[in-house]
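Taken in order, the sequence shown gives residues 1 to 481; the numbers are from the UniProt record's numbering. Where is the CB? At the ideal position from N, CA and C, for every residue including glycine. In this text the structure is predicted, and so the values were computed from the model without any measurement. Have a look at the structure below before the remarks.
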Amino acid sequence: MAMEKPMISGEVPVSPFSRLFSMPGLDCFNIVTIGFKHEANPSAFVEGLKNTLLNHPRFSSILETGVGGKKAKWIPTKVKAEDHVVVPDIDPTIQNPDQFLEDYTSNMVFSPIDMSKPLWEMHILNMKTSDAESFLVARFHHSLGDGMSLMSLLLACSRKTSDPESLPTLVAPKKSKVTNVLWSLVARVWFIIRLMCNTFVEVFNFLLILCSVRDAATPLMEKPIATLSPNKFIHRVISLDDVKIVKNAMNMTVNDVILGMVQAGLSRYLSQKYDSETNSKLKRSLENVSLRAAVFFNLRSNKKIEDLAKMMAKRSTSRWGNSIGYVMIPIWMRSENDIFEYIRRAKTIMDRKKLSLEPLFSYVLLKLTVEIFGSKGGKQALRNLAMRIFGRSTIILSNVAGPSEEISLFDHQISYVAASVSGFPQALIVHITSYVNKVIINLGVDLDVIPDPHHLCDHMVEALQMMKSAAEEKCSADLNV
């Protein structure tokens, strides 16, 4: 008789989301590219990992997914940092290093990963591109944690460049000061009423979307022959100061401007595609295009960088993993003469989503789905349902804020940080990260659907420049009044 052995000391049950992201056909990976200002020293990384990441319980455990009805669990194991650090030989006279980096990252994403070891690896590339002198390209299985967890962990392994003994700091959101108790009470009641109303409307719409058909076919939708997963990753570094000029002129947030930039870029890209179409039957107008994007929200309370640093130093078991919800938002696909209209639309929809419990609802829905269908014979049903939930949109959008000051990773000064994810059914994934005075746009595309990702990225950057010019003109006009 086959009996399931009891869980030994140190073994940890796998969370529902980790089980979901490790299912066959749903293997998801976080991809992080870190550019450095100087040549990388592989030995320094190996030693640094021994003192930090290898002390983290998730990064020193093997994922046993569970076969024959057994429960999935994390099994602690001995880890050699050298087994997870790859240093390829690169021709120093390579003709196009930027293209080489894109191809290397894309190929690494879909190379097999050894399930008998902890599910992460780091590749050190000593090559110069237009943005950095060397690179660290890391691949983390999504079961290890979400993007915000990994960004926090990166910061916990880093130190300020200005003060090598100090941990980086993140800008805390400003809190409004209470000046009148009665007004504060009225504001709180009004907040609760709006939260309840928005939650009812947004959750109802969310359920309607799950029961509806997918978005209409566009050049951004996968074709029947598509790979159903991004197979090309590119990124572009732009100025955060340009974003802030627009933000200040519009009195909005950085996230509003970034979402407006993405909407404007996608609209310009699709409009050009339709205008170049020679087959009259395929010609369409943007007015008839309706697209949705899945936008991810971080649900955990802000964990201090110091807590993560202590967790690695003392090998403690702190709450870790995937704590993300997502919302469905309509993408404003129109040819607008007023470039600011894309930002206004972005702010309207995101303000409503933020003031609702839709992200928490989606998190609970996925968690219950895994709990109900994730055992024994229900894995195929879980996969089908998960693909339906994630497949109700054309695009995935994500935005992770990085540090506002320069940092060093194992004595290597960072130039920028780019991130993305693979394994989702969408043919386009847009991931935005920030670092000091830079914004990094990272696109993951299916080349069968979007054969010209650089052209799409150009449209987004051009849209931001148009917004910046309009913002400067607006500020000048206001000063002259």
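Could you work out which residue in the options is closest to residue i when comparing CA atoms only?
i	options	result
S116	K78, P97, S130	K78
P425	K273, F390, K232	F390
C28	L144, A72, L136	L144
S335	K367, T369, D275	D275
M127	K160, T93, S239	T93
T129	V430, Y269, N41, F100	F100
K50	W74, I34, L63, D83	D83
M467	I343, N251, L185, N442	I343
E64	C211, I75, L20	I75
M250	R19, S469, I209	S469
R139	S239, L150, T433, N96	L150
R388	H412, I209, E47	I209
N205	M328, F59, T161	M328
L220	W183, A187, L270, D256	L270
A44	K474, T433, L136, V246	L136
T161	R268, K37, R392, M350	K37
R159	P168, S152, R292	P168
S18	P42, A40, I62, V46	I62
G402	V254, E473, S290, V461	V254
V87	M108, A72, D98	M108
DSSP on residue i, reduced to helix/strand/coil?
i	result
N30	strand
V186	helix
A138	strand
V203	helix
E473	helix
I193	helix
R334	coil
M252	coil
S18	helix
S280	With a pLDDT of 48 at S280, under the threshold of 50, the predicted position of this residue should be treated as unreliable, though the coordinate-derived value follows. Correct three-state label for S280: coil.
G402	coil
N107	helix
What are the boundary residues of the beta strand (DSSP E) that includes residue i?
i	result
L409	407–409
G444	438–445
L428	428–435
N96	Segment: none, N96 is in no beta strand (DSSP E) and carries neither H nor E.
E371	E371 -> not in any beta strand (DSSP E); alpha helix (DSSP H) instead, spanning 358–373.
S420	412–422
Going by DSSP, what residue range makes up the alpha helix (DSSP H) through residue i?
i	result
T169	Unbroken run through T169: none, as it is neither H nor E.
M328	Here M328 belongs to no alpha helix (DSSP H); instead the beta strand (DSSP E) covers 324–331.
K78	From DSSP, K78 is part of no alpha helix (DSSP H); its letter is neither H nor E.
F45	42–51
K347	341–354
Please find out if some non-hydrogen atom of the ligand FAD comes closer than 7 Å to the beta-carbon of residue i.
i	result
E341	The ligand FAD is absent from the structure shown, which contains no ligand whatsoever.
To the nearest whole angstrom, what separates the beta carbons of residue i and residue j, a pair I think is in contact under 8 Å?
i	j	result
I440	V421	Contact flag wrong, Cβ pair sits at about 14 Å.
V400	M148	6 Å
L299	I324	6 Å
R194	L360	16 Å between Cβ atoms; not a contact.
L464	D242	6 Å
F233	N442	7 Å
By a C-beta neighbour count over all protein chains shown, 10 Å radius and 16 as the cutoff for buried, is residue i buried or exposed?
i	result
I450	buried
H455	exposed
C457	buried
Q263	buried
K281	Caution is warranted here: a pLDDT of 46 is assigned to K281, below 50, making its placement in the model unreliable, and no coordinate value can be reported.
D103	exposed
V201	exposed
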